[in-house]
Structures are given as structure tokens and as C-alpha cells.
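Undergrad: A single structure is presented below for examination.
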Amino acid sequence: MTVHSIEIRDTLLETILLHVRDKGWSWEDVTEAAQICGYQDDMASSMFPGGLSDVVAHYADYVDRRMLAGLEDASCSSLRVRDRIRLAVLTRLAVVEHQKEEVRKSLAFWSVPTRALYGQRVLYRTSDRIWNWAGDTSTDYNRYTKRGLLSSVLMGTFMVWITDESKEAIVTQAFLDRRLENIVKIGQAIGTMKSVVPPFLCRANIKK
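So the number in the numbering used here is just where the residue sits in the sequence shown, counting from 1, plus 168.
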């Protein structure tokens, strides 16, 4: 997708978001946004050929890009990987600090069974971007394991956050910290298995 196309999508999305809080995600609002922005009648379907799912997916992408922009000046060279992940997730939540209802409507949209697979891909994309920013360069199965685990953490964190009324989202932060600790423990367990299983298999082959 060209930079110009992304800019058009962003412009449409920003207009659409004016209505999501009260009305939810609606294709009618998408076509109306195109008219308000002065585009031709077919611009909505041209920019979002997959329909409303493409619109909601672009919202996630829009937030992701602002998250990454917010992290550009972050001093994280001395941070542990888990702390980098934590910073990225909290930065993403800060981007949508005043859009809880919009996020809630998005989660509800993806909860429909026929949209679940698309929603999972969107969530995985966010997870992938966070891991890449955090410096992960793995290319083996660990890459997919890490992103799958973080996707689960992200979903749980979003669900807690949309109902969190605590000061500075302390409840959400505590939840995120617990889940990230779980990921670390799982990673350590996988590392142990990788170091133990190969020698074990070698010994088994020798006995044969």
C-alpha cells in the first residue's frame, strides 16, 4: 500500500471515529466519511475492499503506528526485554487513552465468530511490531511462539483496561506485569527443553 493510500485511509478513519463511540462501527459512516472528506463515491470501497473489517483493522494499524512513533525517543538500551515489551504495551494504551469506548467497540466487533480469524491476524501484527521494536530477531519457531504468547497477553490486557478506572491504570499495569512474568517463565521452560531434549535423543539413538 502506498503512503498516499495510507494517508487517505487515515483521513477517513479519523472522520469515522467521530461516530464510533455512539454508534459503533458502521459502513454507512464509512461512506459518509468519504463524502465529508470530499472523495468520490467509490473511495470507501476502494480504500477498504474488505469492508468494515478492513476499517477496524486499519484502526489497529493506525494505533500501532502512533505507538511506534511514541517509542522513537524512548531510552531503552538498558532495559530488559520484558520491560521493553511493557513500555510498548503501555505506550499503545496511552495512544487510545481517551478512546476506551472505541476500543471496546472494536473488541466486540472482532468477537463475532466469522471475524475471529481476521481479528487474530490483526492482533498478531501488533504483537509482531512490539517484538520487532523490542529487538527480537529470532527466525525459528521461537518467533511465532513469542508473538502468539504476547497476542494472548495483549488481548487480556485490553479487556482489563477497558473497565479499569483506577488511577494511572494501576490495575491494568499489575495485570500486565503478571502476564509478562508468565511469558518469561514459559520462555525459560522452553529454553530448558531445548537444552535437555537433544542430548536425551542422542542417548536414545546410541542405545538403539
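Note that beta-carbon positions come from the ideal geometry of N, C-alpha and C, so glycine has one too.
Predicted, not measured: the structure shown is a model, and the values here were computed from it.
Straight-line CA distance for C370 to T307?
TA: Caution is warranted here: a pLDDT of 49 is assigned to C370, below 50, making its placement in the model unreliable, and no coordinate value can be reported.
Undergrad: I need the straight-line Cα distance from F216 to V339, nearest angstrom please.
TA: Cα to Cα, the separation comes out at about 36 Å.
Undergrad: Okay, do the region 227-236 and the region 289-303 touch, 3+ Cβ pairs below 8 Å being the bar?
TA: Output reads yes: the region 289-303 touches the region 227-236.
Undergrad: Check the C-beta distance from I298 over to V264 and give it rounded, since I have them as a contact under 8 Å.
TA: That pair is no contact at about 15 Å.
Undergrad: Thinking C-beta only, is K268 closer than 9 Å to W329?
TA: It is a contact, given that the beta carbons lie within the stated cut-off.
Undergrad: Flag this pair as touching only if the region 271-285 and the region 315-331 have three or more C-beta atom pairs under 8 Å; answer yes or no.
TA: Cβ pair count under 8 Å is three or more, so yes.
Undergrad: Determine the direct distance from the alpha carbon of V224 to that of F277, and round the result to whole angstroms.
TA: Straight-line Cα distance between these residues: approximately 8 Å.
Undergrad: Could you check where the alpha helix (DSSP H) with R293 kicks off and where it finishes?
TA: It spans 284-301 - the alpha helix (DSSP H) in which R293 sits, taken as one unbroken run.
Undergrad: Which same chain residues end up closer than 7 Å to S221 when comparing Cβ atoms and leaving out the 5 residues on each side of it in sequence?
TA: Here the set comprises R283, Y286.
Undergrad: On the three-state DSSP scale, how would you describe L348?
TA: Of the three classes helix, strand and coil, the one that applies to L348 here is helix, per DSSP.
Undergrad: Which same chain residues, not among the five before or five after S319, have their C-beta less than 6 Å away from its C-beta?
TA: Here the set comprises L291, Y292, S295.
Undergrad: Which of the three DSSP states, helix, strand or coil, is assigned to A212?
TA: In this structure, A212 counts as helix in the three-state DSSP scheme.
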